[in-house]
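Okay, structure first, notes after.
There are 4 protein chains.
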Amino acid sequence: MRPDRLIAFTDGVIAILITILVLELRPPAGEHFGDILDEKGRLLAYLLTFVFVAIYWVNHHHLLQVVSRIDGRALWANIGLLFCLSLTPVATDWLGETGVKNGPAAAYALVLIGCAVAYTLFTLSLLALHESESQLHRAIGDDRKGRLSLALYVVAFILAWLEPWVSVGIFVTVALIWIIPDRRITRTLDTL
Amino acid sequence: MRPDRLIAFTDGVIAILITILVLELRPPAGEHFGDILDEKGRLLAYLLTFVFVAIYWVNHHHLLQVVSRIDGRALWANIGLLFCLSLTPVATDWLGETGVKNGPAAAYALVLIGCAVAYTLFTLSLLALHESESQLHRAIGDDRKGRLSLALYVVAFILAWLEPWVSVGIFVTVALIWIIPDRRITRTLDTL
Amino acid sequence: MRPDRLIAFTDGVIAILITILVLELRPPAGEHFGDILDEKGRLLAYLLTFVFVAIYWVNHHHLLQVVSRIDGRALWANIGLLFCLSLTPVATDWLGETGVKNGPAAAYALVLIGCAVAYTLFTLSLLALHESESQLHRAIGDDRKGRLSLALYVVAFILAWLEPWVSVGIFVTVALIWIIPDRRITRTLDTL
Amino acid sequence: MRPDRLIAFTDGVIAILITILVLELRPPAGEHFGDILDEKGRLLAYLLTFVFVAIYWVNHHHLLQVVSRIDGRALWANIGLLFCLSLTPVATDWLGETGVKNGPAAAYALVLIGCAVAYTLFTLSLLALHESESQLHRAIGDDRKGRLSLALYVVAFILAWLEPWVSVGIFVTVALIWIIPDRRITRTLDTL
Numbered sequence: 001m002r003p004d005r006l007i008a009f010t011d012g013v014i015a016i017l018i019t020i021l022v023l024e025l026r027p028p029a030g031e032h033f034g035d036i037l038d039e040k041g042r043l044l045a046y047l048l049t050f051v052f053v054a055i056y057w058v059n060h061h062h063l064l065q066v067v068s069r070i071d072g073r074a075l076w077a078n079i080g081l082l083f084c085l086s087l088t089p090v091a092t093d094w095l096g097e098t099g100v101k102n103g104p105a106a107a108y109a110l111v112l113i114g115c116a117v118a119y120t121l122f123t124l125s126l127l128a129l130h131e132s133e134s135q136l137h138r139a140i141g142d143d144r145k146g147r148l149s150l151a152l153y154v155v156a157f158i159l160a161w162l163e164p165w166v167s168v169g170i171f172v173t174v175a176l177i178w179i180i181p182d183r184r185i186t187r188t189l190d191t192l
Numbered sequence: 001m002r003p004d005r006l007i008a009f010t011d012g013v014i015a016i017l018i019t020i021l022v023l024e025l026r027p028p029a030g031e032h033f034g035d036i037l038d039e040k041g042r043l044l045a046y047l048l049t050f051v052f053v054a055i056y057w058v059n060h061h062h063l064l065q066v067v068s069r070i071d072g073r074a075l076w077a078n079i080g081l082l083f084c085l086s087l088t089p090v091a092t093d094w095l096g097e098t099g100v101k102n103g104p105a106a107a108y109a110l111v112l113i114g115c116a117v118a119y120t121l122f123t124l125s126l127l128a129l130h131e132s133e134s135q136l137h138r139a140i141g142d143d144r145k146g147r148l149s150l151a152l153y154v155v156a157f158i159l160a161w162l163e164p165w166v167s168v169g170i171f172v173t174v175a176l177i178w179i180i181p182d183r184r185i186t187r188t189l190d191t192l
Numbered sequence: 001m002r003p004d005r006l007i008a009f010t011d012g013v014i015a016i017l018i019t020i021l022v023l024e025l026r027p028p029a030g031e032h033f034g035d036i037l038d039e040k041g042r043l044l045a046y047l048l049t050f051v052f053v054a055i056y057w058v059n060h061h062h063l064l065q066v067v068s069r070i071d072g073r074a075l076w077a078n079i080g081l082l083f084c085l086s087l088t089p090v091a092t093d094w095l096g097e098t099g100v101k102n103g104p105a106a107a108y109a110l111v112l113i114g115c116a117v118a119y120t121l122f123t124l125s126l127l128a129l130h131e132s133e134s135q136l137h138r139a140i141g142d143d144r145k146g147r148l149s150l151a152l153y154v155v156a157f158i159l160a161w162l163e164p165w166v167s168v169g170i171f172v173t174v175a176l177i178w179i180i181p182d183r184r185i186t187r188t189l190d191t192l
Numbered sequence: 001m002r003p004d005r006l007i008a009f010t011d012g013v014i015a016i017l018i019t020i021l022v023l024e025l026r027p028p029a030g031e032h033f034g035d036i037l038d039e040k041g042r043l044l045a046y047l048l049t050f051v052f053v054a055i056y057w058v059n060h061h062h063l064l065q066v067v068s069r070i071d072g073r074a075l076w077a078n079i080g081l082l083f084c085l086s087l088t089p090v091a092t093d094w095l096g097e098t099g100v101k102n103g104p105a106a107a108y109a110l111v112l113i114g115c116a117v118a119y120t121l122f123t124l125s126l127l128a129l130h131e132s133e134s135q136l137h138r139a140i141g142d143d144r145k146g147r148l149s150l151a152l153y154v155v156a157f158i159l160a161w162l163e164p165w166v167s168v169g170i171f172v173t174v175a176l177i178w179i180i181p182d183r184r185i186t187r188t189l190d191t192l
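Now the structure itself:
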C-alpha cells in the first residue's frame, strides 16, 4: 500500500495536537502589558510542546520522503506513535502547573520514552518493508541519534527522582539535537 | 465520482475524534508520580476510545484501497458512520466516570451497534457501485467478520442489564478481532 | 488557480465544525440507561448541526466536482461561507438550551440566511470564472433550489417572532430538500 | 523536497486555529433576540481573528502557488509562522474581554509583529531556494507590502501605550491592505 493516507491522517492528528494547548492559554486577568508574565508558565509549556511535536512532524516528514510502501504493521506502529504524542500536552501541562517537581518531570520523561520507542518501532516496520539497497536503508543507517535520545530519556527519568531540573535540561538538549533535520536523509535526498 | 475527497474529509473528522478526548485528560492534582494513578480511569477510557476509533480508521483505509468510485448514497452512508463514531468519546467518558455499571455499558454497546450498522451500510453502498467481478467484491466476500461483530454487540447490549463486566469483555474481544487488518483485502492487494 | 487547496482547507474547517459540538455533549449525571434522556436536548441539537453542516459539505463536494479553476474572489467567498457555517454550532446550542423560543429561533434563521447568501455568492464567483458552455453552468442552471431555501429562511426569520415552532419546521423542511444531492450536477456527471 | 506536505500540515493547523475561537462563543444567557448584543464583544473578537488568520492563509496559498521546492529551513520557518499565528486567538480574546486598553492592544501588536516577521523569514527561506529568474522572485519583487505592514505594527505597538484605539485602527488598516490578494503574484499567474 502507498503511504498517502497514513501521511494525511498523521498530519491531521499532529495539527490538532500541536494546537490543542492553545485552548489552555487564557488571557491575563489584568489589563496591563506586564500581566502577561503571570501566564509565562503556561506560555513556556505551550512553546515546549509546540516545538516538541513539531520536531516529530519534521522528522516524520523527512522519513516518509524515502518511504515507498507501507503495510498494516506500519499503520499500527504509526498509530502507536500518534497515541504517545497525544500524551505530551497533558504531561507538559502538569510540568507547567506544578513547576519542575519530581513527579511531573518523571512523567514527562516517561511520555518521551514512549514517543521515542514508538518512533523506533515505526522506523523498524518501514525498514522491514524496503530492500536493504533502498533509499530508506541508506538514509537511516544505524539510527544512532534515535538510540542516543532514548538513552538520554531513560537517564532523565531516573534523575527526575533526584534533581528534576537536570531532567528538564536533558529534554531541552534532546530537542536541540532533533531540531536539526536528519542530515542523513537530507544528504541522500540532495543527491537525487 | 472518485473517492478522494470523501477520504480526506473522513481523515479530518477521525483525526479530530481520536484526539478530542485529550481535552478531558487533566494533569493530576498532586505533584507525585503516583498521583497519575488517580487519573487511570480517564487514561484507560482515552486508550479504549483511541484504539476503537483507530480500528475504524484502519479498516476504512483498507476498504477504500479497493474502491474506485462513490456516489451520493455512499457519501451519506459515510457521514452516518462518522456521526456514530463521534458518539464514542462521550460513551467512553460515561463508562470511565461511573465505572462499569448497567447504564453506561448498555449505552456503549448501543453506540457500537450504531457504528457497526453504519459501517455495514457504507460497505453495501460501495458494493452496489462496483461490478461483482471487481476487486472490492472479491476482497469483501460475505463480510462474516462484520456480521459476527454486530451479533456480539447485540449480545453485549442485552447482557449489560445483567452483568456489565461481560459486556466490557465482549467490547475488548471484538476490538481484538478487528485490530488484525482485514486479511481478505490484504490478500487481494498482495496479488497486485 | 486550481481549487485543490481551497478544497483541502474547506474539508479541514468543516471537519472541525462538524465535531466541535461533541465537546458540549456530557455524559449523563446518573448511572441508569434512562438518564440519557436528560441529555436529549443536547443530543438533538448535535444531530441537527451535524446534518446541517454535512449538507453543506456534500453540496460543496458536488459543486467542486465541476469546477476547474478559482480566483481570489472565490477564495474569499468560500471563507465567508466557512465563517457563516462556523456560527451554526453556537446558534444550535442556544436553541437546544433555551428550547424553542423567539430569540434563538430568529438567531438560527439569521445564521441560515447568512450561510445561504454566502453559498450563493460562492456559486456566483465560480460561475463568473467559467464559460457559459462549461459543465458548471449546465449543472447549476438557474439555482432554483438555492433561491427557494433563502426565501424560506427569511420567512422562518419573520415567523420566529410569532410562532418559533413554525420556524423550526421550516428549518427541517429545507434540510430535507438539500439532503437529496443536487440532481442537476449528478445528472451532468453521469453523462461523463 | 516538494512542498505538498508543508501545505497540507499548514492547512490543518490554520483550519483549527481559525475555528478554535468558536469554542469561546457561548449562547446568550437570556432568551431574547436582543441578548445577542451581550455577546457582541466576543463576536467581533471572533470575526477579527477569523479574518486575520484567513488573510495569512490566502497569502500563504498565493505564495505557495509559485514555490516548487522547500528545505528543512523553510519547514521550520513555516512552523515559526504557525506558532505566531496560534497566539492570535488568545491575544484577540484579551482585547475582546478587557476592551481596548493599553496592555491588550500592545500585546496584540506584538503578536502581529511576530506573525509579520515569521512570514518574512518564511518568504526569505523560499527565495533563497529559487533562482533569481524564477517565478517566485518575479512574483515577490521587493515585498514592499510586507515591510510596510511590519513598520505599521511597530508604530501600533508604540502608540498602544498612548492611545490604544489608534493601534486598533492600524490593525484594521493593515488587514484591509492584505485582504486584497497579492496582485504581484496574481499577475504573474495570469500570464501562465
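Line by line, the protein sequences give chains A, B, C and D. As numbered in the working numbering, residues 1 to 192 make up the first sequence, in order. As numbered in the working numbering, residues 1 to 192 make up the second sequence, in order. As numbered in the working numbering, residues 1 to 192 make up the third sequence, in order. As numbered in the working numbering, residues 1 to 192 make up the fourth sequence, in order. Backbone N, C-alpha and C define an ideal beta-carbon position, used for all residues, glycine too.
Contact set between the region 45-70 of chain C and chain B, restricted to residues whose Cβ is under 7 Å from the partner
Listed by position along the chain: Phe50, Ala54, Trp57, Val58, His61, Gln65.
Inset, instruction - Could you check if Asp38 of chain D is buried or exposed, using at least 16 other CB atoms within 10 Å of its CB as the buried criterion? - result: Counting from 1 along the fourth sequence, the entry for residue 38 of chain D is found at position 38. Around the beta carbon of Asp38 of chain D, fewer than 16 other beta carbons sit within 10 angstroms, so the residue counts as exposed.
Does the CB of Phe33 of chain D have a neighbour CB from chain C at under 9 Å?
Your numbering for residue 33 of chain D matches position 33 in the fourth sequence. True, the Cβ-Cβ gap to chain C drops below 9 Å.
Q: Report the residues of the region 153-167 of chain A with a CB closer than 8 Å to any CB of chain D, ordered along the chain.
A: So the list is empty, because no residue satisfies the distance condition.
- Item | Endpoints, the alpha helix (DSSP H) within which Ser149 of chain D is located | Numbered from 1 along the fourth sequence, position 149 holds the residue referred to as residue 149 of chain D. That run of the alpha helix (DSSP H) goes 144-159.
TODO: Report buried or exposed for Thr92 of chain A, applying the criterion of at least 16 other Cβ atoms within 10 angstroms of its Cβ.
DONE: The residue given as residue 92 of chain A occupies position 92 in the first sequence. Around the Cβ of Thr92 of chain A, a 10 Å sphere holds 16 or more other Cβ atoms; the residue is buried.
- Skipping 5 residues on each side, what residues in its chain have a beta carbon closer than 8 Å to that of Ile7 of chain A? Locating residue 7 of chain A in the first sequence gives position 7, counting from the first residue. Hits under 8 Å: Leu64.
Note to self: Please state whether the Cβ-Cβ distance between Phe50 of chain D and Tyr108 of chain D is less than 9 Å.
What the structure shows: Along the fourth sequence, one-based indexing puts residue 50 of chain D at 50. Along the fourth sequence, one-based indexing puts residue 108 of chain D at 108. Cβ distance not < 9 Å, so Phe50 of chain D and Tyr108 of chain D don't count as in contact.
Between the region 95-109 of chain C and chain D, which residues of the former have a C-beta closer than 8 Å to a C-beta of the latter? Glu97, Thr98, Lys101, Asn102, Gly103, Pro104, Ala106, Ala107
### Query
Should Leu192 of chain B go down as buried or exposed, given a rule of 16 or more other Cβ atoms within 10 Å for buried?
Within the second sequence, residue 192 of chain B is the residue found at index 192, counting from 1. Residue confidence for Leu192 of chain B is low, a pLDDT of 46 falling below 50, so the modelled location carries little weight; the figure read from the coordinates is stated next. The residue is exposed, with fewer than 16 neighbouring Cβ atoms inside 10 Å.
Opening and closing residue of the alpha helix (DSSP H) in which Leu179 of chain C lies
Residue numbering aside, residue 179 of chain C sits at position 179 when the third sequence is read from its first letter. In the sequence on display, residue 179 of chain C carries Ile and not Leu. Ile179 of chain C -> alpha helix (DSSP H) spans 164-179.
Exercise. What's the C-alpha gap between Asn102 of chain A and Ile158 of chain A?
Worked result: If you number the first sequence from 1, residue 102 of chain A lands on position 102. If you number the first sequence from 1, residue 158 of chain A lands on position 158. Each residue's alpha carbon lies about 10 Å from the other.
Open item on the list: Can you check which of these residues, D:Arg69, D:Trp94, D:Leu112, D:Glu24, is closest to Leu136 of chain D by C-alpha distance?
Closed with: Start at 1 with the first residue of the fourth sequence, and residue 136 of chain D comes out as number 136. Considering only alpha carbons, the answer is D:Arg69.
field: Proximal residues of chain D, C-beta to C-beta of Asp11 of chain A below 7 Å
entry: The residue given as residue 11 of chain A occupies position 11 in the first sequence. The contacting residues are Arg5, Ala8, Phe9, Gly12.
### Message
For Lys145 of chain B, tell me which candidate among B:Ile177, B:Phe122, B:Ser134 has the shortest Cα-Cα distance.
### Response
The residue labelled residue 145 of chain B in the question sits at position 145 within the second sequence. The candidate whose alpha carbon is nearest that of Lys145 of chain B is B:Ile177.
task: Determine, using beta carbons only, whether Ala54 of chain D and Trp76 of chain C come nearer to each other than 9 Å.
output: As a position in the fourth sequence, residue 54 of chain D is number 54, starting the count at 1. As a position in the third sequence, residue 76 of chain C is number 76, starting the count at 1. Result yes, Cβ atoms of Ala54 of chain D and Trp76 of chain C sit closer than 9 Å.
**OP:** List the residues of chain D whose Cβ lies closer than 8 Å to the Cβ of Leu23 of chain C, in chain order.
**Re:** By 1-based counting over the third sequence, the position of residue 23 of chain C is 23. Ordered by position in chain D, the residues that pass the 8 Å Cβ test against Leu23 of chain C are Leu23.
**Item:** Simplified DSSP state of Glu131 of chain A, which is helix, strand or coil
**Value:** Indexing the first sequence from 1 puts residue 131 of chain A at position 131. Reduced to three states, the DSSP call for Glu131 of chain A is coil.
Contacts of Ile16 of chain B in chain A (Cβ-Cβ under 8 Å): As a position in the second sequence, residue 16 of chain B is number 16, starting the count at 1. What Ile16 of chain B touches in chain A: Gly12, Ile16.
> Taking any Cβ of chain D, which residues in the region 77-91 of chain A have a Cβ under 7 Å from it, in chain order?
Replying inline: The residues in question: there are none.
- For Ala29 of chain A, name the three-state secondary structure that DSSP assigns. Start at 1 with the first residue of the first sequence, and residue 29 of chain A comes out as number 29. Coil.
query: Straight-line CA distance for Pro3 of chain D to Val67 of chain D?
result: Numbered from its first residue, the fourth sequence carries residue 3 of chain D at position 3. Numbered from its first residue, the fourth sequence carries residue 67 of chain D at position 67. Each residue's Cα considered, the two are about 8 Å apart.
Cβ-Cβ distance between Val168 of chain B and Val90 of chain B below 9 Å:
Here the question's residue 168 of chain B lines up with position 168 in the second sequence. Here the question's residue 90 of chain B lines up with position 90 in the second sequence. Not a contact, by the Cβ cut-off of 9 Å.
- Query: At least one CB of chain A closer than 9 Å to the CB of Asp38 of chain D: is that the case?
  - Reply: Walking along the fourth sequence from the start, residue 38 of chain D turns up at place 38. Not an interface residue.
| field | Proximity test, Cβ basis, 9 Å: Ile113 of chain A and chain B | value | Against the first sequence, residue 113 of chain A aligns to sequence position 113. No - not a single Cβ of chain B is within 9 Å of the one on Ile113 of chain A.
What span of residues does the alpha helix (DSSP H) with Leu6 of chain A cover, start to end? For the purposes of this step, residue 6 of chain A is taken as the residue at position 6 of the first sequence. From DSSP, the alpha helix (DSSP H) with Leu6 of chain A extends over 4-20.
Problem set entry | Leu136 of chain B - DSSP class collapsed to helix/strand/coil | Here residue 136 of chain B refers to the residue found at position 136 of the second sequence. Three-state DSSP puts Leu136 of chain B in a helix.
Compare the C-alpha of Ala34 of chain C against each of B:Leu17, B:Ala15, B:Ala106 and name the closest. Taking the first residue of the third sequence as 1, we reach residue 34 of chain C at position 34. Note that residue 34 of chain C corresponds to Gly in the displayed sequence, not to Ala. Answer by Cα proximity: B:Ala106.
If distances are taken between C-alpha atoms only, which option among D:Ile20, D:Asp71, D:Gly72 comes closest to Arg42 of chain D?
Your numbering for residue 42 of chain D matches position 42 in the fourth sequence. Ranking D:Ile20, D:Asp71, D:Gly72 by Cα distance to Arg42 of chain D puts D:Ile20 first.
Would you say the beta carbon of Trp165 of chain C comes nearer than 8 Å to a heavy atom of the ligand HEM? Among the components of this structure there are no ligands whatsoever, and the ligand HEM is therefore not found.
Margin query: How far does the alpha helix (DSSP H) with Gly72 of chain D in it extend, from its first residue to its last?
Written below: Within the fourth sequence, the letter at position 72 stands for residue 72 of chain D. It spans 72-86 - the alpha helix (DSSP H) in which Gly72 of chain D sits, taken as one unbroken run.
### Query
For Leu82 of chain D, which of A:Thr88, A:Asp143, A:Glu131, A:Ile16 has the nearest alpha-carbon?
Position 82 of the fourth sequence holds residue 82 of chain D. Comparing Cα positions, the closest option is A:Ile16.
### Query
Can you list, in chain order, the residues of its chain whose CB lies under 7 Å from that of Ala175 of chain D, leaving out five sequence neighbours each side?
Numbered from its first residue, the fourth sequence carries residue 175 of chain D at position 175. The residues are Val51, Phe52, Ile55.
- Query: What residues of chain A sit near Ile20 of chain D, judged by a beta carbon separation below 8 Å?
  - Reply: As a working note, residue 20 of chain D is residue 20 in the fourth sequence. Within chain A, the residues near Ile20 of chain D are Thr19, Val22, Leu23.
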